[in-house]
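K.L.:
In this note's numbering, the protein residues as written are 7 to 415.
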Ligand code: CTP
Ligand code: CA
């Protein structure tokens, strides 16, 4: 583990650079009279090497109007830039506006929030997370959090953003706190976890209970910290944990790609619209699901499908058992004991046959037999989301860099 930590903990040089940036910005904020707190993985020393970013929260009284936050952070951005403390900034929106600044290769999110025991805006939890974790995570646990984050990153299971549907940094911290160490977390995942697993820190959890993984937010019992984790991510994580402890798989995953070599592949491609990632990915995800369910309904067997956003292109890729399917679709009938059902089944198609094992069958002709033809007219069958309702090309040969993303673990 020591050897691994040497590769993934931030370097001394990095830490010095971040400290320097932190001091410059915090001093300037103090001079401007802004009450603030450094949050996120930087503040808690649970960030991984190369993740040169920090989150700074500025506090406002409960009666500060939320619609004034934008002007407020623009003022702060301008002032920091005028003083040459940051190189540049832009305004971004999550649930509410925040400032994204850059200096010295460090990304700084400056986020306005409420100074209150209550949670008034969605970001108000973050400083509370800081206070909850700060005196609970030991130095060893902090290293274990970094191990867990990188172990998940290696397997493409990290990140709460919609395109990842994975584990957030804060979730990793809570898991290490709950189970005590990286090894214990992995062991629990491998041996105890199954869909529906719930982890509570208090006795009054009131959040969603049907998510595949529930981890109560100790600072807000109404929130499931693990709500971004999809069922697919959860199952992959459990399998990987079992492989890691039982089969002694390496910590760093070898990027051997098990290509679906015998599958047949087809893709849709278009130009990336100029919208933010959150909207783009949510529409892409909706569209991919709609396409998959339409194709499945029409009889095509889809082994894997994914969306890839690369440079200014977006791709939706499908691996099928076969691009062309038979015109004939077999229909399985009821068992002979079901008197009326048998007659109804046979009358409906006006034809039947019986297999050696007694199974009754009928058949019908399929509407589509060639996936390419379906995709050529796909817009007449499937409604495309607003920003993706444009011309899509059909591609059968796919560039390597796109395929690499498609087959990323
Ligand atoms: N946060 C959260 N849930 C999320 C994203 C963020 O509660 N899905 C809060 C957490 O308090 C988190 C802070 O916002 O610590 C900063 O978020 P972010 O920078 O995304 O993650 P870090 O925890 O800093 O982890 P890292 O940057 O190392 O990935
Ligand atoms: Ca962060």
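Glycine included, C-beta positions come from ideal geometry on N, C-alpha and C. Predicted, not measured: the structure shown is a model, and the values here were computed from it.
Is residue 9 helix, strand or coil when you go by DSSP?
P.N.:
Correct three-state label for residue 9: helix.
K.L.:
Just to confirm, are residue 298 and residue 312 a CB contact at a threshold of 8 Å?
P.N.:
No, Cβ-Cβ distance for residue 298 and residue 312 is not below 8 Å.
K.L.:
Just reading off the alpha helix (DSSP H) that residue 169 is part of, what are its end residues?
P.N.:
It is not in any alpha helix (DSSP H) - residue 169 carries neither H nor E in the DSSP assignment.
K.L.:
What are the complete alpha helix (DSSP H) segments, minimum 4 residues, inside the segment 346-393?
P.N.:
Here the runs fully enclosed are 377-382.
K.L.:
If you follow the beta strand (DSSP E) that residue 232 is in, where does it begin and where does it stop?
P.N.:
Here residue 232 belongs to no beta strand (DSSP E), and DSSP marks it neither H nor E.
K.L.:
Should residue 158 go down as buried or exposed, given a rule of 16 or more other Cβ atoms within 10 Å for buried?
P.N.:
Its Cβ being crowded by 16 or more others within 10 Å, residue 158 is buried.
K.L.:
Take residue 151 and list the residues in its own chain whose beta-carbon comes closer than 6 Å to its own, dropping the five residues that flank it on each side.
P.N.:
Same-chain partners within the cutoff: 52, 178, 179 and 182.
K.L.:
Within 10 Å of its beta-carbon, does residue 105 have 16 or more other beta-carbons around it, so buried, or fewer, so exposed?
P.N.:
Buried, by the Cβ-count rule.
K.L.:
For residue 141, which three-state DSSP category applies?
P.N.:
The answer is coil: DSSP assigns residue 141 none of H, G, I, E or B.
K.L.:
What three-state label does DSSP hand residue 271 in the structure shown?
P.N.:
Here residue 271 sits in strand by DSSP.
K.L.:
Quick check: the segment 364-373 against the segment 337-353, are at least 3 beta-carbon pairs closer than 8 Å?
P.N.:
At 8 Å Cβ cutoff, the stretches touch.
K.L.:
Any heavy atom of ligand 1 inside 7 Å of the beta-carbon of residue 383?
P.N.:
Checking the Cβ of residue 383 against ligand 1 gives no.
K.L.:
Taking the alpha helix (DSSP H) that residue 215 belongs to, which residues open and close that run?
P.N.:
Per DSSP, residue 215 belongs to no alpha helix (DSSP H) and is neither H nor E.
K.L.:
Counting along the chain, where does the alpha helix (DSSP H) carrying residue 412 start and finish?
P.N.:
Segment 406-412, the alpha helix (DSSP H) holding residue 412.
K.L.:
If the criterion is Cβ atoms closer than 8 Å, does the pair residue 76 and residue 97 meet it?
P.N.:
Yes.
K.L.:
Using a strict less-than 5 Å threshold between each residue's beta carbon and the heavy atoms of ligand 1, what residues do you get?
P.N.:
Per the Cβ criterion, the list is 46, 47, 53, 61, 132, 135, 166, 174, 175 and 176.
K.L.:
Ends of the beta strand (DSSP E) at residue 338?
P.N.:
Start and end: 334-338.
K.L.:
Quick check on residue 244: does DSSP put it in helix, strand or coil?
P.N.:
DSSP places residue 244 in helix when its eight states are reduced to three.
K.L.:
Go ahead and pull the three-state DSSP assignment for residue 110.
P.N.:
Correct three-state label for residue 110: coil.
K.L.:
Can you list, in chain order, the residues of its chain with a C-beta nearer than 6 Å to that of residue 246? Leave out the 5 residues immediately preceding and following it.
P.N.:
The answer, listed in chain order, is 161.
K.L.:
Kindly examine ligand 2 and report whether one of its heavy atoms sits closer than 7 Å to the Cβ of residue 460.
P.N.:
A question about residue 460 goes unanswered here, because the residues of the chain that appear run from 7 up to 415.
K.L.:
Can you list, in chain order, the residues of its chain whose CB lies under 7 Å from that of residue 24, leaving out five sequence neighbours each side?
P.N.:
Closer than 7 Å at Cβ, skipping near neighbours: 48, 58, 60 and 112.
K.L.:
Within the same chain, show all residues whose beta-carbon is closer than 8 Å to that of residue 244, passing over the 5 residues directly before and after it, in chain order.
P.N.:
Closer than 8 Å at Cβ, skipping near neighbours: 195, 196, 199 and 200.
K.L.:
Could you give the first and the last residue of the continuous alpha helix (DSSP H) run that contains residue 296?
P.N.:
Run containing residue 296: 283-303, per the alpha helix (DSSP H) assignment.
K.L.:
If you run the structure through DSSP and keep just helix, strand and coil, what is residue 330?
P.N.:
Residue state, collapsed to three classes: strand.
K.L.:
Suppose the cutoff is 6 Å on Cβ atoms and the five residues either side in sequence are ignored; what does the same chain contact list for residue 325 look like?
P.N.:
If we look at residue 325 and ignore the five residues flanking it on each side, its Cβ neighbours are 266, 269, 271, 309 and 310.
K.L.:
If residue 100 and residue 86 are in contact, beta carbons under 8 Å, what's the gap, nearest whole angstrom?
P.N.:
Actually they do not touch by this definition, with Cβ atoms about 20 Å apart.
K.L.:
Would you be able to state if there are at least three C-beta pairs under 8 Å between the segment 235-242 and the segment 164-176?
P.N.:
Because the criterion of three Cβ pairs below 8 Å is met, the segment 164-176 and the segment 235-242 touch.
K.L.:
Mind the definition here: the segment 217-233 touches the segment 124-142 only if three or more C-beta pairs lie below 8 Å; say whether that holds.
P.N.:
These segments touch.
K.L.:
With the cut-off set at 8 Å, would you say residue 219 and residue 249 are in Cβ contact?
P.N.:
For residue 219 and residue 249, no; Cβs fall outside 8 Å.
K.L.:
Buried or exposed, going by whether 16 or more other CB atoms sit within 10 Å of the CB of residue 83?
P.N.:
So residue 83 ends up on the buried side.
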